[in-house]
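Chains as they are written, first to last, in our numbering: chain L, 1 to 115; chain C, 1001 to 1111. Only one structure is covered here, and it is reproduced in the block below.
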Amino acid sequence: DTGVSQDPRHKITKRGQNVTFRCDPISEHNRLYWYRQTLGQGPEFLTYFQNEAQLEKSRLLSDRFSAERPKGSFSTLEIQRTEQGDSAMYLCASSRLAGNTGELFFGEGSRLTVL
Amino acid sequence: QQQVKQSPQSLIVQKGGISIINCAYENTAFDYFPWYQQFPGKGPALLIAIRPDVSEKKEGRFTISFNKSAKQFSLHIMDSQPGDSATYFCAASSSYDKVIFGPGTSLSVIP
Chain L
1 DTGVSQDPRH
11 KITKRGQNVT
21 FRCDPISEHN
31 RLYWYRQTLG
41 QGPEFLTYFQ
51 NEAQLEKSRL
61 LSDRFSAERP
71 KGSFSTLEIQ
81 RTEQGDSAMY
91 LCASSRLAGN
101 TGELFFGEGS
111 RLTVL
Chain C
1001 QQQVKQSPQS
1011 LIVQKGGISI
1021 INCAYENTAF
1031 DYFPWYQQFP
1041 GKGPALLIAI
1051 RPDVSEKKEG
1061 RFTISFNKSA
1071 KQFSLHIMDS
1081 QPGDSATYFC
1091 AASSSYDKVI
1101 FGPGTSLSVI
1111 P
């Protein structure tokens, strides 16, 4: 049983560049979530998918952020024209819809540093 | 209304002692209240969860107490061990929708 995997684990980029993160959820999980976590804070909800449909996107998320889950399996989170304030850990989580216990299974995150 | 408040921000407990973390919420539509544990460099992992139809849930050394009228819930860790040193997040969701996390409590258990 493989868990949620995220790639890359670390990304250092210059301000203004675009970055993309990938998340591979647990295979039978229908739902996939993206969260952002900064030092000393709890995970902040960004968006989530049920299969390939994006069900909700946080109002706090600027238009520079976009997420996709084209075939209902892996997902990508792209940040365009990165800013220093985007520096954070980006966490992906998945859950099962059928027989849902509410438990989210998190990956180890992708840490972004914007110089 | 979507916020989950959590206190204390940090907690130091001696080995064998009781660790208590408190949380509060405003949204009465929340019907699922999990606690997640996070170790450095790892993603959060579910520790224990409760639904509002019960006032208490116990799993091993971990107990959730839930007060629906006060819109408060708490985590008690009995016989705290150094291996419990981690960051703990209370959270809430409505009908297993997105999960809203509190700001976290950094727990240090000293020998």
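A virtual CB, placed ideally from N, CA and C, is assigned to each residue, including glycine.
Enumerate in chain order the residues of its own chain whose CB-to-CB distance from residue i is below 6 Å, with the five nearest sequence positions on each side excluded.
{"i": "C:ALA1092", "result": "VAL1004, TYR1025, PHE1030, PHE1033, ILE1100"}
{"i": "C:PRO1103", "result": "GLN1006"}
{"i": "C:SER1010", "result": "SER1106"}
{"i": "L:PRO25", "result": "VAL4, LEU32, SER94"}
{"i": "C:ARG1049", "result": "It is Ala, not Arg, that sits at residue 1049 of chain C in the sequence shown. Only PRO1034 meet the Cβ criterion."}
{"i": "L:ARG81", "result": "GLY16, ARG64"}
{"i": "C:VAL1013", "result": "SER1019, SER1080, VAL1109"}
{"i": "C:VAL1057", "result": "According to the sequence shown, residue 1057 of chain C is Lys rather than Val. Excluding residues within five positions, the ones whose Cβ falls inside 6 Å are ILE1050, ILE1064."}
{"i": "L:ASN18", "result": "GLN80"}
{"i": "C:SER1055", "result": "PHE1066"}
{"i": "C:LYS1068", "result": "PRO1052"}
{"i": "C:GLU1059", "result": "ILE1048"}
{"i": "L:THR20", "result": "THR76, GLU78"}
{"i": "L:CYS23", "result": "GLN6, SER75, CYS92"}
Have a look at the DSSP bridge pairing and note the partners of residue i.
{"i": "L:LEU32", "result": "L:PHE49, L:SER94"}
{"i": "L:PHE21", "result": "L:LEU77"}
{"i": "L:GLU56", "result": "L:TYR48"}
{"i": "L:ASP7", "result": "L:ARG22"}
{"i": "C:PRO1034", "result": "C:ALA1049"}
{"i": "C:ASN1067", "result": "C:GLN1072"}
{"i": "L:ALA88", "result": "L:LEU112"}
{"i": "L:THR13", "result": "L:VAL114"}
{"i": "C:VAL1004", "result": "C:TYR1025"}
{"i": "C:LYS1058", "result": "C:THR1063"}
{"i": "C:VAL1013", "result": "C:VAL1109"}
{"i": "C:SER1093", "result": "C:TYR1032"}
{"i": "C:LEU1019", "result": "Before going on, a small fix: residue 1019 of chain C reads as Ser here, not Leu. C:ILE1077."}
{"i": "L:THR2", "result": "BP columns for L:THR2 are empty, so no partner."}
{"i": "L:PHE105", "result": "L:SER94"}
{"i": "L:GLU116", "result": "Nothing about residue 116 of chain L can be read from this structure; chain L reaches only from 1 to 115."}
{"i": "L:SER66", "result": "L:GLU78"}
{"i": "C:PHE1101", "result": "C:ALA1091"}
Please check the pair residue i and residue j, which I expect to be a contact at CB under 8 Å, by giving their CB distance rounded to whole angstroms.
{"i": "L:GLU52", "j": "L:ARG96", "result": "Not quite, the Cβ-Cβ distance comes to about 16 Å (not below 8 Å), so this is no contact."}
{"i": "C:PHE1073", "j": "C:SER1065", "result": "7 Å"}
{"i": "L:SER110", "j": "L:PRO8", "result": "6 Å"}
{"i": "C:GLY1043", "j": "L:GLY107", "result": "5 Å"}
{"i": "L:SER62", "j": "L:GLU78", "result": "No, L:SER62 and L:GLU78 are not in contact; Cβ-Cβ is about 12 Å, not under 8 Å."}
Note down, in chain order, each residue of its chain lying with its Cβ closer than 7 Å to the Cβ of residue i, except the 5 sequence neighbours on either side.
{"i": "L:PHE49", "result": "ARG31, LEU32, LEU55, ARG69, SER75"}
{"i": "L:GLU103", "result": "SER95"}
{"i": "C:LYS1015", "result": "SER1080, GLN1081, PRO1082, VAL1109, ILE1110, PRO1111"}
{"i": "C:PHE1039", "result": "ALA1086"}
{"i": "L:VAL114", "result": "THR13, ARG15, THR82, GLU83, GLN84, ASP86, SER87"}
{"i": "C:LYS1002", "result": "According to the sequence shown, residue 1002 of chain C is Gln rather than Lys. The answer, listed in chain order, is ASN1027, ILE1100."}
{"i": "C:GLY1017", "result": "SER1080"}
Give me, in chain order, the residues of the same chain whose beta-carbon lies closer than 8 Å to that of residue i; leave out the 5 immediate sequence neighbours on both sides.
{"i": "C:LYS1071", "result": "ALA1024, TYR1025, GLU1026, THR1028"}
{"i": "L:SER58", "result": "GLU44, PHE45, LEU46, THR47"}
{"i": "C:SER968", "result": "Residue 968 of chain C lies beyond the range of chain C shown here (1001 to 1111); nothing can be said about it."}
{"i": "L:LYS71", "result": "GLU52"}
{"i": "C:ALA1045", "result": "TYR1036, GLN1037, GLN1038"}
Q. Is the region 1069-1083 of chain C touching the region 1013-1027 of chain C, taking contact as three or more C-beta pairs under 8 Å?
A. yes
Q. Would you call the region 32-41 of chain L and the region 74-90 of chain L touching, i.e. three or more CB-CB distances under 8 Å?
A. The region 32-41 of chain L is in contact with the region 74-90 of chain L.
Q: Note down, in chain order, all residues in the region 1046-1057 of chain C with a beta-carbon under 7 Å from any beta-carbon belonging to chain A.
A: No chain A is present in this structure, whose protein chains are L and C.
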